[in-house]
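Line by line, the protein sequences are chains A and B.
Each position in the first sequence, counted from 1, maps to that position plus 152 in the numbering used here.
Each position in the second sequence, counted from 1, maps to that position plus 152 in the numbering used here.
Each residue gets a CB set at the ideal place from its N, CA and C atoms; glycine is no exception.
For clarity, every value in this text was computed on a predicted model and none was experimentally measured.
Comments concern the structure below.
There are 2 protein chains.
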Amino acid sequence: MVTIDQPAQMRAWASQEKRAGRRIGLVPTMGYLHEGHLSLVRLARQNADVCVASLFVNPLQFGANEDLDRYPSDAEGDRAKLESESVDVLYAPTAEAMYAPGYQTRVSVNEVTKRLCGAGRPGHFNGVTTVVSKLFHAVCPDVAVFGEKDYQQLATIRRMVRDLDWGIEIVGGPIVREADGLAMSSRNAYLSEDEREAALALSRSLGEARRAYRSGERGGEALLEKVRSVLTAEPLLEVEYAELVDPETFDPVSEVGEGALLALAVHVGKTRLIDNALLAAA
Amino acid sequence: MVTIDQPAQMRAWASQEKRAGRRIGLVPTMGYLHEGHLSLVRLARQNADVCVASLFVNPLQFGANEDLDRYPSDAEGDRAKLESESVDVLYAPTAEAMYAPGYQTRVSVNEVTKRLCGAGRPGHFNGVTTVVSKLFHAVCPDVAVFGEKDYQQLATIRRMVRDLDWGIEIVGGPIVREADGLAMSSRNAYLSEDEREAALALSRSLGEARRAYRSGERGGEALLEKVRSVLTAEPLLEVEYAELVDPETFDPVSEVGEGALLALAVHVGKTRLIDNALLAAA
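See the structure below:
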């Protein structure tokens, strides 16, 4: 595995691969890798000839009161995991290379990002689309893989790529869960034992809604009521949102017809967790 | 010359050229081509193996009260001119292909665009950087050529490319003038005979400032006074701005040291004209 830390070097590598006719796959990450990330790497390898994983904790996508300063990291562990998944290039640009003095450009997707995490984290998606644009220009991927846990991010990137005529294939990777149902997240490292126990209510509440949906319930309010009753029973949890939306536009949905995304953001102490379930006719 | 009107087809062509190891040059235009545009095509051909000219009148960069509806066009004439300059591909996407329903993405450069044309035409540069991003993704140029007449646009594109790690070489082409000094512009077609005569004051005023600069004048106010006295002597002209700025950051400059850009925007009847001169020690 080669490590590259400058955009120009990354582009030079990509341009050689293109000339050789090889398909490049990219998995953007902020590091502290878990099995969820590695499942995305495997998806990228299935869809491309060579695989790049990027590792960059992007300051632009963190709000002023968020966890940028304490975001967990494990450079050696990450490297070993990527190496064992046969990643070809680890692209780990420095903050100086990414946002040099005078930096002033933004890429924004303005509708899909309005609600849910976009409402709760102003500027977040703007930071995501900007950094992903930079990664795409440096790595020149034919295919890029994003986790479905951040479903709104996935929908936003899809919209950006379509709108900007990018021609990059965007693949979503299914949520990977711990044995007890908790969706894997680097932020789970923040949780105390009690908090981690309480956090199980997220996946449990989604399971309840899914069961009701399978039993024929299509009313949005009724499904959300199932979710809320599970979540509010946990005194350690504070619900930021629990909503049913169209999985492409993220417009709210009051009746689940063809399918809808049930998405949650919940605070457990100082930790903000998200999870979701796609409710769709089989 | 091949004509392509869909982004996906354009990308497919570009990807073949890349695989063949050929350098792609791009000249973005809004059509109604004149010798200024053709000089940019020649520059692109000098800097690349194959040359794409794009033709798209971009609604996103026109304000509500501007001249989108009457912007001059001559599809047949444009095609003949590009053909005679041995352009390989005319990329002329339809408005439907560029901004389909649901379109919602913007690329913005936020500092270089604040003053001058950015102040007079709110949203203009945002429209420019967005459409140029789309053209860059479709055409995948190694080098793109922009005219120095739109110097703020050139500086904005340079900033965008650097900020977004694009690795495209941006080449500026010198202003091409009519025999009497008027900078070539598709919008010159709007001018009546009297207006065209009055419009000569733009280049004349820049000439006066340049002479003063060559004689040793370095004071910004003194140089701008030269310019204003020529412009205000023409009753048909209304000055939008006349400013001295840093040619990279577009910050105002009060003393011309290493060099500065003297930039003008002037209204002649309903027509808005711009012109500029780089004052720099030889």
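query: Please confirm if residue 305/B has its CB atom under 9 angstroms from at least one CB of chain A.; result: no
query: Pick out the complete alpha helix (DSSP H) segments inside the region 212-269 of chain A, 4 residues or longer, and give them in chain order.; result: 227-236, 247-250
query: Do residue 337/B and residue 186/B have their C-beta atoms closer together than 9 angstroms?; result: yes
query: Closest to residue 334/A by CA distance: which of 318/A, 168/A, 158/A, 352/A is it?; result: 352/A
query: Helix, strand or coil for residue 401/A per DSSP?; result: coil
query: Can you give me the Cβ contacts of residue 396/B inside the same chain, cut-off strictly under 6 angstroms, excluding the 5 residues immediately before and after it?; result: 372, 405, 412, 414
query: Exposed or buried, which one is residue 361/B when buried takes at least 16 other CB atoms within 10 Å?; result: buried
query: Under 9 angstroms between the Cβ atoms of residue 227/B and residue 195/B?; result: no
query: Can you name the residues of chain B whose CB is closer than 8 angstroms to the CB of residue 312/A?; result: 257
query: Just to confirm before moving on: does the CB-CB distance between residue 177/B and residue 199/B stay below 9 angstroms?; result: yes
query: Output yes or no for whether 9 angstroms exceeds the beta carbon distance between residue 300/A and residue 327/A.; result: yes
query: Buried or exposed: residue 345/B, going by 16 or more other Cβ atoms within 10 Å of its Cβ?; result: exposed
query: Out of curiosity, what's the CA-to-CA distance linking residue 342/B and residue 223/B?; result: 9 angstroms
query: Go to residue 199/A, then tell me how far its alpha helix (DSSP H) extends in each direction, as first and last residue.; result: 187-199
query: Going along the chain, which residues of the region 206-219 of chain A sit with their C-beta nearer than 7 angstroms to a C-beta in chain B?; result: none
query: In chain order, what residues of the region 264-280 of chain B put their CB closer than 8 angstroms to some CB of chain A?; result: 264
query: With DSSP run on the structure shown, which of helix, strand or coil describes residue 309/B?; result: helix
query: Check each residue of the region 161-174 of chain B: if its Cβ is closer than 7 angstroms to any Cβ of chain A, include it; give the result in chain order.; result: 163, 170, 171, 173
query: Am I right that residue 255/B and residue 225/B are in contact with their C-beta atoms under 8 angstroms? What's the rounded C-beta distance?; result: Actually they are not in contact, since the Cβ atoms of residue 255/B and residue 225/B sit about 23 angstroms apart, beyond 8 angstroms.
query: What residues in the region 284-304 of chain B have a beta carbon less than 7 angstroms from any beta carbon of chain A?; result: 285, 286, 289, 290
query: What three-state label does DSSP hand residue 335/B in the structure shown?; result: strand
query: Using beta-carbon positions only, say whether residue 205/A and residue 241/A come within less than 9 angstroms of one another.; result: yes
query: Who are the near neighbours of residue 311/B in its chain, counting only those whose CB is closer than 6 angstroms to its CB and skipping five residues on each side?; result: 261, 264
query: Answer with yes or no whether the minimum CB distance from residue 397/B to chain A is below 9 angstroms.; result: no
query: Does the distance from the CB of residue 374/A to the CB of residue 383/A come in under 9 angstroms?; result: no
query: Measure the alpha-carbon distance for residue 168/A versus residue 243/A and round it to whole angstroms.; result: 16 angstroms
query: Could you tell me if residue 238/B is buried or exposed, where buried requires 16 or more neighbouring beta carbons within 10 angstroms of its beta carbon?; result: exposed
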